[in-house]
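2 protein chains.
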Amino acid sequence: MNSTEDRRITRTKEAICAALVALIEEKGFEALSVKDIAIKANINRGTFYLHYKDKFDLLDQTLDQVVQDMERILLEIRLVSVADFKETWIPKAIATKLFEYFNDNASLIQAILVTKGNFVLVTKLKQLMLKNIFEKDEAISIKKEKLLVPCEYLASYIASAHFGVVQEWLDRGRRETPEEMAEILLNITFRGPLVAAGVFS
Amino acid sequence: MNSTEDRRITRTKEAICAALVALIEEKGFEALSVKDIAIKANINRGTFYLHYKDKFDLLDQTLDQVVQDMERILLEIRLVSVADFKETWIPKAIATKLFEYFNDNASLIQAILVTKGNFVLVTKLKQLMLKNIFEKDEAISIKKEKLLVPCEYLASYIASAHFGVVQEWLDRGRRETPEEMAEILLNITFRGPLVAAGVFS
DNA sequence: GAAATAATCAACTCACTGTTCAATAAATAC
DNA sequence: GTATTTATTGAACAGTGAGTTGATTATTTC
Chain A
1 MNSTEDRRIT
11 RTKEAICAAL
21 VALIEEKGFE
31 ALSVKDIAIK
41 ANINRGTFYL
51 HYKDKFDLLD
61 QTLDQVVQDM
71 ERILLEIRLV
81 SVADFKETWI
91 PKAIATKLFE
101 YFNDNASLIQ
111 AILVTKGNFV
121 LVTKLKQLML
131 KNIFEKDEAI
141 SIKKEKLLVP
151 CEYLASYIAS
161 AHFGVVQEWL
171 DRGRRETPEE
181 MAEILLNITF
191 RGPLVAAGVF
201 S
Chain B
202 MNSTEDRRIT
212 RTKEAICAAL
222 VALIEEKGFE
232 ALSVKDIAIK
242 ANINRGTFYL
252 HYKDKFDLLD
262 QTLDQVVQDM
272 ERILLEIRLV
282 SVADFKETWI
292 PKAIATKLFE
302 YFNDNASLIQ
312 AILVTKGNFV
322 LVTKLKQLML
332 KNIFEKDEAI
342 SIKKEKLLVP
352 CEYLASYIAS
362 AHFGVVQEWL
372 DRGRRETPEE
382 MAEILLNITF
392 RGPLVAAGVF
402 S
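Line by line, the protein sequences are chains A and B.
Quick note: the first sequence, position 114, residue 114 per this note's numbering, numbers continuous.
Positions in the second sequence are counted from 1; adding 201 to them yields this note's numbering.
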């Protein structure tokens, strides 16, 4: 009756997850089969079904983990001061931590961003923004009355944009450091895309 | 030897496309089968294979059509004057036309935005921006030297953000008119998300 | 070392795939 | 309108993967 997981389970799940990532990169999620996963992970196909209902369940569980990790990092936003917020949108330290997480799990993130994972992650970020920034009535939040456009569209705009940049960074081979990426993203969001583009120089 | 398509082919393809849209909304693209499509479209399953290699081919061809339509509308940007550009990023008329297209094909667009279609459309918009705005050396283009951040990230940011807002609009049931949406989108992009949010009021 | 449990292996049913071919229906061409 | 061409149908086919089961083996935990 120990809370720690049997080593065999851990090893099997890790092998399955690694196989999933490799196969998504190889042929895309729709085209891969449970049989493919079993072969790539060097496990019996029946073993897969001891842990997951089907390949969709596997993707869902994998996504859940990423969402949890992301939420944990992002919710540190509560600790920031108003001054920081007005200057840099979200603290650069938080953004950097997020990019470090994406950096450490690059293959996984890149793989799930080309599945419905993109939609799931964008939706989660949007929800967090709406809940923690546009809704709450604290010092850090933005008053709804001050909004010049509906907050749902603002949240969708920013959330979607951010993951677009993350994906571009991963696709280009992560040439910039996490800190540089945080700087770029905050720069665009803080100044606005067109000012950052130098249109009004 | 006529260039026009046999009426039967047109009807069959339209039925297949409509079935695809309905089924994506119903159970998602990964989970739907060719058999599902044939039943929903009221055609023989063998007929499907007379027109498409498999369901992936169907999605690809459907996406190609949307990409072509979008490109046709967007490339009218070439006709705009520099003054218009500096004032509204892309002409409001173009943005409105795009939203009208999305409005007329709402089910289709909403269905493909939850497949890899999101990635395909964002990538296309990004490419068009890089080619027509950041790369060219004409009056309308933005000089690369003036950029404060790499243009690939700017393009990814804006392209991704725009389709995020389109998806939000579709998911919320298209409460705003195409013109209002064009206004909102241009407002955010032109002023920057945080100014539009009233942070600096 | 003993008990518990995870992984394996083989077998099986089921559903969907992708293809074929003869028969039929509907379009186009004259 | 009739003839010709062509799309669609229907049925049958082998092939592949899904998901499950039960007995057996291997590994881990206590």
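Where is the CB? At the ideal position from N, CA and C, for every residue including glycine.
- Distances from the alpha-carbon of D258(B) to those of A31(A), L75(A), E176(A) put A31(A) closest.
- Contact holds between the segment 350–358 of chain B and the segment 314–334 of chain B, because three or more Cβ pairs, one in each stretch, are under 8 angstroms apart.
- Annotation for A111(A): the continuous alpha helix (DSSP H) segment containing it runs 106–113.
- DSSP, read as helix, strand or coil, puts I9(A) in helix.
- Chain A places a beta carbon closer than 8 angstroms to that of L355(B), counting this residue as a contact.
- Interface annotation, I217(B): not in contact with chain A, CB-CB separation never under 8 angstroms.
- Taken atom to atom, the span from the alpha-carbon of I310(B) to that of E179(A) is near 36 angstroms.
- For E231(B), the chain A residues whose Cβ falls inside 8 angstroms of its Cβ are F29, E30, F56, in order along the chain.
- Against chain A, the beta carbon of E277(B) has no neighbour under 9 angstroms; the closest one sits roughly 20 angstroms away.
- An exposed status is given to I240(B), since fewer than 16 other beta-carbon atoms sit within 10 Å of its beta-carbon.
- With contacts defined by Cβ atoms closer than 8 angstroms, I295(B) and L314(B) do not form a contacting pair.
- The Cβ of K236(B) sits no closer than 8 angstroms to any Cβ of chain A.
- For I385(B), the enclosing alpha helix (DSSP H) stretches over residues 379–392.
- Any Cβ of chain A closer than 8 angstroms to the Cβ of R375(B) would place that residue at the interface, and such an atom is absent.
- Taking each of I225(B), N243(B), D270(B) in turn and checking the Cα distance to K256(B), the smallest one comes out for I225(B).
- DSSP places T263(B) within a helical segment (H, G or I) once states are collapsed to three.
- Annotated three-state conformation of K317(B) is coil, per DSSP.
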